Structures are given as C-alpha cells and as structure tokens.
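In this note's numbering, the protein residues as written are 75 to 266. Note that beta-carbon positions come from the ideal geometry of N, C-alpha and C, so glycine has one too. Just so it is clear, the structure is predicted and the values come from calculations on it, not from any experiment.
Dropping the structure here:
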C-alpha cells in the first residue's frame, strides 16, 4: 500500500468512527489521532487478509507424514464428479434404454408389469409388497407372463396402449379371524 492509500483509509476509518460514536473525529485532538491509528492498525495489519494467512496451500507439503496422499485427496475433492460433465450426461441419456417406449406398443400383462417395475425402480420386493403378494409369487407371475408375451401376442398390440399410471388390482388383505363366543345354552329374555 502506498501513503496515499493509507491516507484514504484514514479518512474512511474516521467516517466509520464518526458513525459509531455519533460525533466527528477531531484530527487536532491527540486522543482522536491515537484512536484513528488504532483503527487503521486493526484494519490494515491485524485483521488484513486473515483468510489468506490461515489458508492451507495445496501445492505445499502441509502434512509432512503423507504429503502425496493428502495432496491427491485434496485434488480429488476439488475435481467435479464425472456425471457433472454435460457431454457425459448426454451420452448416458442416449445410452439408456427406454423400457417404457419399448413396451408401449404391447398390450400385454408383461408390459403392465414392466410399467409397474419402472414405477418401483425395478425393486421386485417393493412391488410385491404393494401388490400384497409374496416375492416368489410375483417372480412366478413375471416368468409366466413373459413366456406368454413371447408366444401369444395380444390382439390389441399397436392398437391400444397401457396407461403408465394405471393402478393394478391388489390382493385382498388377509382378515383376522374373530373369536366367536360359544354358548352352551340358549339365552332368553326375562319379562317380568
């Protein structure tokens, strides 16, 4: 900093002091001069670039024990993930198979199950829980309807489509049997 910069900072500090104290700074008063110098010292020396003084340099060996490992760990933290690159995202989107588009032209039980699996992120257990059937039963149904779809195409293929938001029929909940009280004798009314 040059002398002119320090003078400008002194005027700015005096304006700050005036706002804080509520009365102007008198530069002829030795106490006010000392106050301005204290404020300047704090602003320009003591608290100047505090973040830079306490910053860690990545290119220096700040961790003497394992400098290379620490530097590579910091470098990995600073690099962006691979999927944040727009070109990589575009290629991934192009490579993804759109199963909904494939089953759109089929009006079969298999395509209905594919829509449901897409809705449940291909989690067979979650779909089985939603349909209120066991996972084994659902897997058996998937195998059977897959075989049927290969062998026996639907009459409505290409004519009608299954709505991806359709709601399937769920199995009835098992009811808890209520205990019925067994009576040994007939109850009667007493009219008296």
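Determine, using beta carbons only, whether residue i and residue j come nearer to each other than 8 Å.
i           : j           : result
residue 221 : residue 189 : no
residue 91  : residue 119 : no
residue 225 : residue 212 : no
residue 83  : residue 112 : no
residue 108 : residue 101 : no
Go through its chain and collect everything with a Cβ distance to residue i's Cβ below 6 Å, but skip five positions before and after it.
i           : result
residue 184 : 219, 220, 223
residue 245 : 206, 207
residue 77  : none
residue 200 : 194
Please state the DSSP three-state secondary structure of residue i.
i           : result
residue 189 : helix
residue 236 : coil
residue 256 : coil
residue 245 : coil
residue 177 : helix
residue 119 : helix
Can you tell me where the alpha helix (DSSP H) with residue i in it begins and where it stops?
i           : result
residue 109 : 104–115
residue 160 : 160–169
residue 213 : 209–225
residue 70  : There is no way to answer for residue 70, as the model of the chain reaches only from 75 to 266.
residue 198 : 198–205
Assuming residue i and residue j make a contact with CB atoms under 8 Å, what is their CB distance in whole Å?
i           : j           : result
residue 205 : residue 242 : 6 Å
residue 80  : residue 88  : So it is not a contact: roughly 13 Å between Cβ atoms.
Shorter than 7 Å, the distance from the beta carbon of residue i to the closest heavy atom of the ligand MN, or not?
i          : result
residue 92 : In the structure on display, the ligand MN does not appear, and there are no ligands present to speak of.
Quick one: residues in its chain with C-beta nearer than 7 Å to the C-beta of residue i, no 5 flanking neighbours on either side, listed in chain order?
i           : result
residue 216 : 187
Tell me which same chain residues have a C-beta within less than 8 Å of the C-beta of residue i, skipping the five on either side of it?
i           : result
residue 249 : In this prediction, residue 249 has a pLDDT of 48, which is less than 50 and means its spatial position is unreliable; what the coordinates show is noted afterwards. Correct list: empty, nothing qualifies.
residue 202 : 208, 209, 211, 212
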